[in-house]
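First residue of the sequence shown? That's 353 in the numbering used here, and the numbers climb one at a time after it.
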Amino acid sequence: MTNTPSEMEAEIDFDHLNLYVQGDIDLTREVFGLFKHQSEMWGRALTADADDDTWASVVHSLKGSARAVGARVLAARCERAEGLVGENKTAGARQVAVQDIEFRISRTLAEIQRWEYRQTLNDMRRR
């Protein structure tokens, strides 16, 4: 049995993220901001009909961004999609990968928004 992320776990592994940000709220905000920027930029380039080099570059970059915030499920989907080049490339498989990656990005962004909302509430309570 392999250690693949569960479908039911949170999109962001905050324990993993905190290894790097050490609970620093401002740094967490910065990391999340970078992820939002990267996922928007690379997400626009994620198309099933991309040439192999572009496809590999885009999904690899998205995988790195996902790993940086602890989005393990998204990173795993991107890693799987990295193999959809050369003789392993089919339009159908890539289209499924695009939809799955976009879905996981949207779930990760929603989790970031929930975290940001909680931080805003905490900030308001401290005032």
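Note that beta-carbon positions come from the ideal geometry of N, C-alpha and C, so glycine has one too.
- Judged by DSSP secondary structure, T380 falls within the alpha helix (DSSP H) whose first and last residues are I377 to A397.
- Under the three-state reduction of DSSP, R432 is assigned to helix.
- Per DSSP, Q451 is one residue of the alpha helix (DSSP H) stretching across A443 to R478.
- Counting only residues of its own chain and dropping the five nearest sequence neighbours on each side, F366 has a CB closer than 7 Å to the CB of G422.
- In the structure shown, V410 falls within a helical segment according to DSSP collapsed to helix, strand and coil.
- In the structure shown, V437 adopts coil according to DSSP, grouped into three states.
- Judged by beta-carbon spacing, V383 lies within the 8 Å limit of A420, meaning their Cβ atoms are closer than that value.
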